[in-house]
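In UniProt numbering, the protein residues as written are 1 to 141. Beta carbons are placed, not taken as given, at the ideal position from N, Cα and C, and that holds for glycine. These numbers come from a predicted model, not from an experiment. These notes concern the structure reproduced below.
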Amino acid sequence: MNLHDNIVELFGLIRQHNRTWRNEWAKDIESDLSISQVQALDILQAEGARPSSYLSNILGVTSGGMTVISDKLVKQQLVERVNDPNDRRVVKLEITDLGKHTLASIQDKRVALMEKMFSSLSEDDIHRMLNIYRKLLPTRE
Numbered sequence: 001m002n003l004h005d006n007i008v009e010l011f012g013l014i015r016q017h018n019r020t021w022r023n024e025w026a027k028d029i030e031s032d033l034s035i036s037q038v039q040a041l042d043i044l045q046a047e048g049a050r051p052s053s054y055l056s057n058i059l060g061v062t063s064g065g066m067t068v069i070s071d072k073l074v075k076q077q078l079v080e081r082v083n084d085p086n087d088r089r090v091v092k093l094e095i096t097d098l099g100k101h102t103l104a105s106i107q108d109k110r111v112a113l114m115e116k117m118f119s120s121l122s123e124d125d126i127h128r129m130l131n132i133y134r135k136l137l138p139t140r141e
């Protein structure tokens, strides 16, 4: 196979792995939350209140997709919308105590799923994959 064919195959395998991850998530995690909703909670817990536009950029979803994600999180009382004290036009999402508790309850299951998904790889394989993905992703400043 030539380089082009290998890249096309690699892309297909990455998509297939992502699909498998989402299917396993739905089966193993036993939560009403999607992967994107949990990722949004992760970001809010780690970084504090953020505008939806920031989250949509990080998660790689459209503003409409982020509205759906945030509406569901607000409805479940896992996040709340708060006005920015410096600019009342800016509305941010902030994780609630219930959101933090829910995220903590999912964490062990999520780690177990990650380990399951990569169980066929050696530690050296994991390090090589990390190095490759770091090269592929643009550096953030």
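Output needed for residue i: all residues of its chain with C-beta closer than 7 Å, excluding positions within five of it in sequence on either side, in chain order.
i: methionine 117; result: Trp21 and Glu24
i: isoleucine 43; result: Arg50, Leu55 and Ile58
i: arginine 126; result: According to the sequence shown, residue 126 is isoleucine rather than arginine. Cβ within range, chain order: Phe118.
Using the Cβ count rule (16 or more neighbours within 10 Å means buried), how would you classify residue i?
i: threonine 102; result: buried
i: isoleucine 14; result: exposed
i: glycine 64; result: exposed
i: serine 56; result: buried
i: leucine 33; result: buried
i: alanine 40; result: buried
i: glycine 99; result: buried
Just the C-alpha distance for residue i and residue j, rounded to the nearest angstrom, thanks.
i: glutamate 141; j: valine 38; result: Low confidence applies here, because glutamate 141 scores a pLDDT of 46, under 50, leaving its location unreliable and the question unanswered by this model.
i: leucine 130; j: leucine 78; result: 32 Å
Residues in the same chain with beta-carbon distance under 6 Å from residue i, minus the five sequence neighbours each way, listed in chain order, please.
i: valine 68; result: none
With DSSP run on the structure shown, which of helix, strand or coil describes residue i?
i: aspartate 32; result: coil
i: valine 61; result: coil
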